[in-house]
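Down below is the structure, laid out as structure tokens.
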Amino acid sequence: MSKQQPAIEVKSLNKYFGKLHVLKDIDMTINENEVVVLIGASGSGKSTLLRCLNFLEMKNGGEIIIEGENIDPKKDNLNTVRQRIGMVFQHFNLFPHKTVIGNVIEALIHVKKMNKEEAVTIGMEYLEKVGLAEKAKVYPRTLSGGQKQRVAIARALAMEPDMMLFDEPTSGLDPELVGEVLEVMKNLAKEGMTMVVVTHEMGFAREVADRVVYMDQGVIIEEGAPDVIFEQAAEERTQEFLSRVL
Amino acid sequence: MGFWELFIETIPGYKDAIINTINITLLGLLIGLGIGLFFAFLKVSKLKVLNIIADMYIYLVRGTPLIVQIFILYFGLVQFVDLGRLLSGGIALGIHNGAYIAEIFRGSIQSIDRGQTEAARSLGMTSTMSMRRIVLPQALRRAIPPLGNQFIIALKDSSLVAFIGFQDLFNRAQRIQSSTGMAMESYIIVGIYYLILVLILTFIVNRIERALSKSERGVDHE
Numbered sequence: 000m001s002k003q004q005p006a007i008e009v010k011s012l013n014k015y016f017g018k019l020h021v022l023k024d025i026d027m028t029i030n031e032n033e034v035v036v037l038i039g040a041s042g043s044g045k046s047t048l049l050r051c052l053n054f055l056e057m058k059n060g061g062e063i064i065i066e067g068e069n070i071d072p073k074k075d076n077l078n079t080v081r082q083r084i085g086m087v088f089q090h091f092n093l094f095p096h097k098t099v100i101g102n103v104i105e106a107l108i109h110v111k112k113m114n115k116e117e118a119v120t121i122g123m124e125y126l127e128k129v130g131l132a133e134k135a136k137v138y139p140r141t142l143s144g145g146q147k148q149r150v151a152i153a154r155a156l157a158m159e160p161d162m163m164l165f166d167e168p169t170s171g172l173d174p175e176l177v178g179e180v181l182e183v184m185k186n187l188a189k190e191g192m193t194m195v196v197v198t199h200e201m202g203f204a205r206e207v208a209d210r211v212v213y214m215d216q217g218v219i220i221e222e223g224a225p226d227v228i229f230e231q232a233a234e235e236r237t238q239e240f241l242s243r244v245l
Numbered sequence: 000m001g002f003w004e005l006f007i008e009t010i011p012g013y014k015d016a017i018i019n020t021i022n023i024t025l026l027g028l029l030i031g032l033g034i035g036l037f038f039a040f041l042k043v044s045k046l047k048v049l050n051i052i053a054d055m056y057i058y059l060v061r062g063t064p065l066i067v068q069i070f071i072l073y074f075g076l077v078q079f080v081d082l083g084r085l086l087s088g089g090i091a092l093g094i095h096n097g098a099y100i101a102e103i104f105r106g107s108i109q110s111i112d113r114g115q116t117e118a119a120r121s122l123g124m125t126s127t128m129s130m131r132r133i134v135l136p137q138a139l140r141r142a143i144p145p146l147g148n149q150f151i152i153a154l155k156d157s158s159l160v161a162f163i164g165f166q167d168l169f170n171r172a173q174r175i176q177s178s179t180g181m182a183m184e185s186y187i188i189v190g191i192y193y194l195i196l197v198l199i200l201t202f203i204v205n206r207i208e209r210a211l212s213k214s215e216r217g218v219d220h221e
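Respectively, the protein sequence lines represent chains F and B.
Heads up: the first sequence at position 157 corresponds to 156 in numbering that gives the first Met the number 0, and the numbers run straight through without jumps.
Heads up: the second sequence at position 147 corresponds to 146 in numbering that gives the first Met the number 0, and the numbers run straight through without jumps.
In structure tokens, the structure reads:
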């Protein structure tokens, strides 16, 4: 893959929920190794935009180009597309009937068709990476929220995706558990993972993001380097939003 | 002859009746589980046609008395093909319970959080794989208590096959009543047999439920 080719390109993306127009002509480019943070009030469409990127929500118009491939949900195999895009959810969505390692190796075995030993070796590597190797054999129920989210990150990473989507990964956590999850994400960013993050953690956006995108009512209002957005946003709506959350 | 004499005297004759009741109930439940799972899938399908087919099946079965269904499957069908009382009765019980079991499975499948499917799909799993490996195992676990309830209903409802001459518990009781004239005693005795079977069934269902809920409680058993 050439360095110039963007990881994700979105062209005039439109999305409706019934009559509600939630994404209006969105254009966005995510470059390789870039960390992009989407901010905005709830209902601004940022989560929907993220979910459109791996086709958990289907677009109603426009183009989504993943690594140069214009994806047509009707023709292309979305399952192979999704293997290249890891996703982490607000509510973790760990599989409660499987152990921690069982969660991590599930798709390795059944999607990537690895044998169990191979999958466990890789799975343990990623659990190590999020600092939870010793929890491999317990069920998710016994974990704290922060630990659950780290397992969810390990589960997504184990598939060795080219990019990661984070949908409010710390919004479901008690405040004292937010740090450990952000720490894992920071390390991931340092390693050069391409990341799109929907979050309310402005500190994280400021510190880690290469680019911050502010959305309101289904439209991208403004985007730019964190310093620029946080210190000298051009748009009044952006300034207003930031004054409310900072 | 008093109650206890009648009870003890009829024990040997009840042995086959107990086995027959268990057999036809198990047959009915096995068929019912298959039918139930099948129509549950139709009901949770995105295809409207399949939803309607499932709704029609459930309406037809729930809207007619079980005894009518049993008579159709036995006396009605015998004009074309004689399946025998066990098979006819078992199929009738299966068709009947299948409608209720379908609703139980549908409810338990839909009770599983959408996020489970989304997580599975985001990892590249197909929709069939997500259903089979992620949603169904959790849904089946949740279905156990209402299924146990349905099993008890099925066991008791199986008494209606006595009316096509199947030699089950209730059929036996009717024979004892007509040969001894002791109606009250005969029917109380058969009631006791049903109570014992229900007790055993409840015990088994509880054991299964406990075994399956281990991981939900976070117990490590690897």
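Glycine residues also receive a C-beta, built at the ideal position from the N, C-alpha and C atoms.
- Taking A91(B) as reference, the option from F2(B), I34(B), I18(B), T201(B) with the minimal CA-CA separation is I34(B).
- Within the model, the alpha-carbon separation for A188(F) versus M27(F) is close to 20 Å.
- At least one C-beta of chain F is nearer than 8 Å to the C-beta of L122(B).
- Chain order gives the chain F residues near P136(B) as H96, where near means a beta carbon separation below 8 Å.
- Interface residue (Cβ-Cβ distance to chain B less than 8 Å): V110(F) is classified as such.
- Buried is the label assigned to T169(F), since at least 16 other Cβ atoms lie within 10 Å of its Cβ.
- Close partners of R81(F) in chain B (Cβ separation under 9 Å): R120, S121, L122, G123, M124.
- Counting only runs of at least 4 residues, the region 21-92 of chain B fully encloses the following alpha helix (DSSP H) elements, listed from N- to C-terminal order: 47-61, 65-70.
- Taking 8 Å as the threshold, the shortest C-beta distance from A153(F) to chain B does not fall below it.
- Chain B places no beta carbon closer than 8 Å to that of A6(F), leaving this residue out of the contacts.
- A distance below 6 Å between beta-carbons, with the five flanking residues on each side excluded, links I188(B) to the following residues of its chain, in chain order: F6.
- Rounded to the nearest whole angstrom, the C-alpha separation of M113(F) and Y125(F) is 16 Å.
- Note: I29(F) is bridge-paired with I7(F) in the DSSP secondary-structure output.
- Residue state for H199(F) is assigned as coil, using DSSP reduced to three classes.
- When R243(F), S11(F), T141(F), V87(F) are compared, the shortest CA-CA separation from F229(F) is found for R243(F).
- Residue environment: Y58(B) is assigned as exposed (fewer than 16 neighbouring CB atoms within 10 Å of its CB, all protein chains considered).
- In chain order, E105, H109 make up the part of chain F whose C-beta sits under 8 Å from the C-beta of R132(B).
- Looking only at S185(B), T24(B), M0(B), the smallest Cα-Cα distance to N96(B) is reached by T24(B).
- Per DSSP, R209(B) is one residue of the alpha helix (DSSP H) stretching across 182-211.
- For E208(B), the nearest beta carbon of chain F is not closer than 8 Å to its own beta carbon.
- F104(B) sits in a helix when the DSSP states are folded into three classes.
- Per the coordinates, the alpha-carbon of E105(F) lies some 9 Å from the alpha-carbon of R154(F).
- Between the C-alpha atoms of R236(F) and Q4(F) there is a straight-line separation of about 32 Å.
- A buried status is given to S107(B), since no fewer than 16 other beta-carbon atoms sit within 10 Å of its beta-carbon.
- For the options E234(F), G217(F), D71(F), T193(F), the alpha carbon positioned closest to that of V36(F) is the one of T193(F).
- Interface annotation, Q109(B): not in contact with chain F, CB-CB separation never under 8 Å.
- In the structure shown, M158(F) falls within a coil segment according to DSSP collapsed to helix, strand and coil.
- Contact between the region 14-24 of chain F and the region 211-221 of chain F is established, with three or more Cβ pairs separated by less than 8 Å.
- If you keep only unbroken beta strand (DSSP E) runs of at least 3 residues inside the region 11-90 of chain F, you get 19-29, 34-38, 60-65, 84-87.
- Residues of the same chain with their beta carbon placed closer than 6 Å to that of L55(F) are lacking, with the five preceding and five following residues left out of the count.
- If you draw a 10 Å sphere on the C-beta of Q231(F), you find fewer than 16 other C-beta atoms in it, and that means exposed.
- Excluding sequence positions up to five before and after A118(F), its CB lies within less than 6 Å of the CB of I104, L107, I108, all in the same chain and listed in chain order.
- Secondary structure note for R140(F): it is in no beta strand (DSSP E), with a DSSP letter that is neither H nor E.
- Across the set A153(B), P11(B), G114(B), Q173(B), the C-alpha of A153(B) shows the shortest separation from the C-alpha of I21(B).
- At least one beta carbon of chain F lies nearer than 8 Å to the beta carbon of M128(B).
- What F88(F) touches in chain B, judged by beta-carbon distance under 9 Å, is G114, E117, A118, S121, going in chain order.
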